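If you're matching them up, the sequences are chains A and B in order.
Letter by letter, the first sequence follows residues 1 to 351 in my numbering.
Letter by letter, the second sequence follows residues 1001 to 1305 in my numbering.
Every residue gets a Cβ at the ideal spot worked out from N, C-alpha and C, and that includes glycine.
On a predicted model such as this, the values are computed, not experimentally measured, just so you know.
Read the structure below first, then the notes.
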Amino acid sequence: MWQRTNSHIRSIFSISKLQDVIVRYLLMILLVFVFFGLILLISGKDPIKSYGDILGSTFGSAYGFSEVIVAMIPMLITALAVALPWRAGLINIGGEGQLYIGAAFATWGALTFTNLPAWILLPLMLLLGMLGGALWAFIPGYLKAVGLVNETITSLLLNSVAPKIVGFLIFGFWHSAMNTVKTANFVPAALLPTFFNTRIHLGLVIALVLLTLFWFVMKYTRWGLEIRSIGGNSQAARRNGVPLKGYLITVMCIGGAIAGLAGMAQVSGFYGVLFLNFSAGLGYMGFLICWLAGGQPIGILLMSFVVAIITTGGNLLQLTRDLPYAVINILLAFTLFIVLARPKFFERKKA
Amino acid sequence: MSLLAILGVFSSAIFSGTSLLYATLGEIINERSGIINLGLEGVLLVSASVGFAVTSVSGNPYLGVLVAILAGGLMNMILGYLVINREANQLASGLALMFFGFGLSALIGKPYVGVKIHGLPRIPLPWISNLPSLYASLFGFDILIYLAIPVAILVWWLLFRTRWGLGLRAVGENADTAFASGRNPRLIRYQALFVGGLLAGIGAAHLSIAYTMNWAEYMTAGRGFIAVALVIFSRWNPLQAIVGALVFSGAVAFQLLLQSSGVQISPLLLDTIPYIITLLVLIAWGGNRKHSAPASLGRIYHGSE
């Protein structure tokens, strides 16, 4: 009844579609809070106070809010790394591995060319990061294009390999004198500049430019059309003269390059150092964000913001409420479950 | 290096391969019904932590194993609700389940970090008990290890020699056709997920209650993902999964042997060997594996009304 009225109104005023979406998301958030509150209660914590902590730490101060934006940067980029191959019908679940290799390449640049000025070094590191990610994504892309192995499973396997290679490089060659699981701190020229006395770094601008570029290419260029046509029906596209193999490999490599860039942004903009297992699932989060957003640019922006609130708030929860860090994953998972389950108050999309 | 060291390596390879075989068998049942469970890693973690906690509290490892097995089945029911009832994307739901498992297992296991338990008792092989005790202790396996291969054969029998298995595979090939021939695809997929989860639970129980006998956050260390890869490696066939688990155990043994014989290779690089072998085998079998994959793997069954 409620739904029918809504859909009727929506057909007249497009603005009410927005309201519908907002109501849906609010109900969704409420449901997530109820579920996670139960978990908190069971483990003997006060859910109300915990939620107060989360909100206070994210929206309570300008600095807290800036931390959300900081957490959002890599997710935004890794989600884009999934979104582009997604449009061509490729499932790039390997963002995690590509991010690691990209970060490793960029770190090599940062540790080798310590004397270069920032305006040369940073672009160089960017390119290196993209190269690393692209190389790592080339493997599944090529294997898919020649019809040997499905890209889903190869990129998933390579995710487990990449962090170990990075670990090997750190232990074997790059570790600092004090600490064997970390490289030396990057020289100031190898750090992305930050803004307004917060930890927000240039990666945000890069991410937003990429997002706009993605939207523009997909919507207004021949490449976008051809990529979407491959995603729609690859055989029809091939018969219409779209170079299928070339596109599959290129799209996968560009996706990898974007993920590599996320890795570069993390080590150069956020940490300023490369260390063991620094990503902690950012690549997988990118995949989920992209999926939740249906590969749409605006959706990616919104969803990565939501996920960033969860991880930032959860970080604080760990400190103030003595919960293991991994508990954030429960909150994240509940959010995902509820979006995936599309509860009854959602309007069902017909496929 | 001594014979003892070499035997020790093989013993630990068998221990680490067992949990993998169970998890792979579970995933095979899931995928034969058309559902790819990427959340296996999370399922294993939750089962391992719950099993460990129950063993630690009750002092009874068998009770721990039982609860771990049930936990595996229940975890898979979450996935079942999402992908069967709510028709959500399987890969995304699997990853969500994985994150859930990371978090939940950390929460459950937190009080038990560093706690010691009495694991499953080791039963030495009968003809080995007159060897020196040092050797005999290496070949005292627990009951789950002895049962691993019989269970693989049982799963094969279930899938390929029973009506239930026929129905399950039919749903995995084409759910609409299976529906037309009088089967209930949704129910069968739920059953497949539950049984698959039970098997994953056995693997996880073996890992925490029999093998390592302690709990550490993220102790599965990627086994769930290796199992997903091994399913393809074994072409969705439980008997070939035994081979797959052996190859993996062999790679682990090889890596331990290299390390103990003093070859200077980073253990981190050696850790990548199982993944790379799996990848190479997938490439080698690339062309003809399409014939064995369940045809509607990953597809949503929308109902046949």
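Asked: Counting contacts by CB-CB distance shorter than 9 Å, is Leu1147 of chain B in contact with chain A?; Found: no
Asked: Return no unless some Cβ of chain B is closer than 9 Å to the Cβ of Gly256 of chain A.; Found: no
Asked: Please check if any C-beta of chain B sits within less than 9 Å of the C-beta of Ser11 of chain A.; Found: Note that Ser11 of chain A has pLDDT 45, beneath the 50 cutoff, so the model's placement of it is unreliable and no number is given.
Asked: Between Phe171 of chain A and the rest of its own chain, which residues show a CB-CB distance below 8 Å, the 5 nearest in sequence each way excluded?; Found: Thr180 and Val181
Asked: Nearest CA to the CA of Val1050 of chain B: which residue from B:Tyr1301, B:Leu1207 and B:Gly1182?; Found: B:Leu1207
Asked: Around the Cβ of Val209 of chain A, are there at least 16 other Cβ atoms within 10 angstroms (buried) or fewer (exposed)?; Found: exposed
Asked: Please list the partners that Asn1060 of chain B has in chain A, where partner means a Cβ-to-Cβ separation under 8 Å.; Found: Residues of chain A passing the Cβ test: none, with the nearest at roughly 24 Å.
Asked: Can we say the segment 1266 to 1280 of chain B touches the segment 1031 to 1038 of chain B, given the rule of at least three CB pairs closer than 8 Å?; Found: no
Asked: What are the boundary residues of the alpha helix (DSSP H) that Ser1058 of chain B is part of?; Found: Leu1040 to Ser1058
Asked: At the level of alpha carbons, what is the spacing between Lys1116 of chain B and Leu1144 of chain B?; Found: 20 Å
Asked: Helix, strand or coil for Gly334 of chain A? Go by DSSP, reduced to three states.; Found: The question names Gly, but residue 334 of chain A is Phe in the sequence shown. Reduced to three states, the DSSP call for Phe334 of chain A is helix.
Asked: Hey, would you say Ile69 of chain A sits closer than 9 Å to Thr198 of chain A, going by beta carbons?; Found: yes
Asked: When the cut-off is 9 Å and only beta carbons count, does Ser1093 of chain B lie next to chain A?; Found: yes
Asked: How should Pro1121 of chain B be labelled, buried or exposed, when 16 other C-beta atoms within 10 angstroms of its C-beta is the threshold for buried?; Found: exposed
Asked: Give the secondary structure of Ile1035 of chain B by DSSP, where H, G and I count as helix, E and B as strand, and everything else as coil.; Found: coil
Asked: Gln1090 of chain B lies in the alpha helix (DSSP H); which residues open and close that run?; Found: Gln1090 to Gly1109
Asked: Can you name, in chain order, every residue of its own chain whose Cβ lies under 8 Å from the Cβ of Lys350 of chain A, other than the five neighbours on each side?; Found: A caution first: Lys350 of chain A carries a pLDDT of 42, below 50, which makes its placement in the model unreliable, though a value can still be read off. The answer is none, since no qualifying residue turns up.
Asked: Per the DSSP calculation, His201 of chain A is bridged to which residue(s)?; Found: A:Thr194
Asked: Taking the alpha carbon of Leu301 of chain A as the reference point, which residue from A:Leu41, A:Met72 and A:Leu55 has its own alpha carbon closest?; Found: A:Met72
Asked: If the cut-off is 8 Å on Cβ atoms, which residues from the segment 319 to 340 of chain A count as contacting chain B, listed in chain order?; Found: Leu323, Pro324, Tyr325, Ala326, Val327, Ile328, Asn329, Ile330, Leu331, Leu332, Ala333, Phe334, Leu336, Phe337 and Leu340
Asked: Can you tell me which residues form a DSSP beta bridge with Pro85 of chain A?; Found: Paired residues: none, contrary to the question.
Asked: What in chain A is Cβ-close to Asp1271 of chain B, meaning under 8 Å?; Found: Lys164
Asked: For the segment 282 to 302 of chain A, which residues have a CB atom closer than 8 Å to at least one CB atom of chain B, in sequence order?; Found: Tyr284, Phe287, Leu288, Trp291 and Leu292
Asked: Below 8 Å on the Cβ atoms is my guess for Leu80 of chain A versus Leu248 of chain A; work out the distance and round it to an integer in Å.; Found: Their Cβ separation, rounded to whole angstroms, is 18 Å, which puts Leu80 of chain A and Leu248 of chain A out of contact at 8 Å.
Asked: Are at least three pairs of beta-carbons, each pair with one atom in the segment 132 to 152 of chain A and one in the segment 290 to 297 of chain A, less than 8 Å apart?; Found: no
Asked: Would you tell me roughly how many angstroms separate the C-alpha atoms of Asn1174 of chain B and Pro1294 of chain B, rounded to the nearest one?; Found: 9 Å
Asked: Return helix, strand or coil for Phe275 of chain A, following the three-state DSSP convention.; Found: strand
Asked: Considering only DSSP beta bridges, list what Ile1153 of chain B is partnered with.; Found: None, per the DSSP bridge assignment.
Asked: Flag this pair as yes or no: are the beta carbons of Leu1193 of chain B and Leu1070 of chain B separated by less than 9 Å?; Found: no
Asked: Taking Ile77 of chain A as the reference, which of A:Met130, A:Leu55, A:Ala110 and A:Met28 has the closest Cα?; Found: A:Met130
Asked: With a cut-off of 9 Å, does the C-beta of Ala1170 of chain B fall near any C-beta of chain A?; Found: no
Asked: Using a Cβ-Cβ cut-off of 7 Å (strictly less than) and excluding sequence neighbours within five positions of Val1083 of chain B, which residues of its own chain qualify?; Found: Ile1035, Gln1090 and Ser1093
Asked: Would you call Tyr1022 of chain B buried or exposed, if buried means 16 or more other Cβ atoms sit within 10 Å of its Cβ?; Found: buried
Asked: Could you give the uninterrupted runs of the alpha helix (DSSP H) lying entirely in the segment 1210 to 1265 of chain B, keeping only those of 4 residues or more?; Found: 1223 to 1233 and 1238 to 1260
Asked: Here's the rule: buried if 16 or more other CB atoms are within 10 angstroms of the residue's CB, otherwise exposed. What is Thr303 of chain A?; Found: One point to set straight first is that residue 303 of chain A is Met, not Thr, in the sequence displayed. Classification of Met303 of chain A: buried, given that the 10 Å Cβ count is 16 or more.
Asked: For Lys182 of chain A, which beta-bridge partners are listed by DSSP?; Found: A:Phe275
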